[in-house]
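Sequential numbering from 727 applies to the sequence shown in this note's numbering. Scroll down for the structure; my scribbles are underneath it.
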Amino acid sequence: MEKNHTQDVVPQIASALAANLSQEERAELDAAITPRVAELFAQAFGSQMWDILAPLVEEDDLEFAPEQPDSADAGTGNTDAAEARLRELMRDPRYWRDRDPSFVAKVAAGFDRLYAGTPHSYYTIYADASRAETGETAPFLAGFERLELPLLDARGHSRWPKRFDAAAIASLRERHGPNKFASQMMLRPVNISAGRLDPERMRVYDSALQYQDRNGTATLSLEGRRLVSASCWWDPAYGAPGKGDGSVVALVFTDTQGRYWLHRLRYLGVDPADECDEATQQCRQVAAFARRYYVPSVTIETNGVGKFLPGLLRRELGVAGVGCAVVEAASHVPKDRRIMEGFDAVLAAGNLYAHRTVWETPFDVEMREWRPGGYKGPDDGLDAVSGCLRSEPVRLPRIPAGARQSWRGHPGGIKVETNFEL
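Structure representation (structure tokens):
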């Protein structure tokens, strides 16, 4: 568009053009007294001076898709982290000021905003519910009117049968898989990459342990079910929080029917101002953990930094008066294989229950983001829980055999009469 035509359409900025002001300087115009021009459509950040007069700003597909080659997190399985960063940037006015020189004018005058897109991540900005595990108290787009049109309606019929008939929909499912179909076609926020560990397969409970001691016999129960064994696994680590591996202790109970109860998961931290060393601080936390939840034994993974911890933990358990054994374990199996062996069958059978407090830890995020084979993200909670699951014996419920007639030709029992008395 030529300058003269620009002045005709937007006479309010003619003086700015004549003064040869920069793009940023023009944005400082008093937009509060500048009328909106309905014919104008601002398509790109900073591409047009007159975008400050557009009545509508469209934010089109602001997501980080795993398959985007130019995404900083492409191929790393860290899409949800990218989404969190996107939210942080979008809430910061400097983000818009850096990308759009007319930001100041837009804020001064006000404008409508339209978000259009599909969820590429479980932590998408388009979610209709908050993600408590990320510290979110309300959805990112809370207060916006929502219009959702998934490909299939409530009866499972295509909304646009001429464009997407049954054959086309079947092809989409086959080519893209169930997760991507659910995300991009049904608008349900899930991980597009095929994940192996789905936290939705865990069953949530909120009960406390019930301990009873009757006539010298102690019992422990959850949700009215008697517990028969427990496995507590500690995967230790040192270092500053958020850097490197984390130190995690997990506790899993098993009941008589073979159900697994992930009752607690503790990500240990240390106080740099404490006079005690990091190892002692962590051992004291584990000892308190064992006392509170009636833990009969703690298994320490002795690979790496855990080599001298068993003796230190035994000392702290003794000082605290906790009757708990310490078992040393060295892992020689690759971590991704350990995690798969621990979770696969239990999740598939729907036999893993998780206490509500577990969902307040990073464990949920670890499950959603983890991928077998070279995954570099955080997985310390997964490793600790898989250690518990692999340590527990498989228990199958006892089902009494039903009576049935014999097909082998003999009458079964024989009744014999006698003539003597007892």
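All C-beta atoms, glycine included, are put in the ideal place defined by N, C-alpha and C. On a predicted model such as this, the values are computed, not experimentally measured, just so you know.
Between the C-alpha atoms of GLU926 and GLU1001 there is a straight-line separation of about 42 Å. Shown here for PRO865: same chain residues with a beta carbon closer than 7 Å to its own, the five before and five after excluded, namely ALA853, ASP854, ALA855 and SER856 in chain order. By the criterion of a C-beta distance shorter than 6 Å, GLY1068 is surrounded in its chain by SER1112, LEU1115 and ARG1116, once the five residues flanking it on both sides are discounted.
Contact between ALA1110 and ASP961 holds: their C-beta atoms lie close to 5 Å from each other, under 8 Å.
Just so you know, the alpha carbons of SER955 and GLU1118 end up roughly 8 Å apart. Annotation for THR1006: the continuous alpha helix (DSSP H) segment containing it runs 1004 to 1018.
Counted as a single uninterrupted DSSP element, the alpha helix (DSSP H) harbouring CYS1114 occupies residues 1106 to 1117.
Between HIS1081 and ARG990, the gap from beta carbon to beta carbon is short of 8 Å. Within the stretch 914 to 1001, the beta strand (DSSP E) runs of at least 3 residues that lie entirely inside it are, in chain order, 929 to 931, 936 to 940, 943 to 948, 951 to 961, 973 to 981 and 986 to 994. Taking the Cα positions, THR850 is about 33 Å away from TRP959.
Here DSSP, grouped into helix, strand and coil, assigns LEU877 to coil. Note: ALA842 is bridge-paired with ASP786 in the DSSP secondary-structure output. The shortest C-alpha to C-alpha distance from VAL1012 to any of GLY1047, GLU862 and PRO845 is the one to GLY1047. Contact annotation, TYR986 with LEU1078: C-beta distance approximately 5 Å; criterion of less than 8 Å satisfied. For ALA1046, the enclosing alpha helix (DSSP H) stretches over residues 1035 to 1046. Only buried fits THR980, as 16 or more other CB atoms lie within 10 angstroms of its CB.
Shown here, SER1057 sits in coil according to DSSP, grouped into three states, outside any helix or strand. Straight-line spacing of the CA atoms in ASP879 and THR844 works out to 16 Å. No residue range can be given for GLU859, since it is assigned to no beta strand (DSSP E) and is classified by DSSP as neither H nor E. Looking at the backbone, the Cα of LEU988 and that of LEU782 are separated by about 49 Å. Per DSSP, GLU1095 is one residue of the alpha helix (DSSP H) stretching across 1089 to 1095. Beta-bridge pairing by DSSP links THR1025 to TRP959 and VAL1053. With contact defined as three or more Cβ pairs closer than 8 Å, the stretch 1023 to 1038 and the stretch 1046 to 1066 are in contact.
Residues SER947 of the same chain have their beta carbon placed closer than 6 Å to that of GLN936, with the five preceding and five following residues left out of the count.
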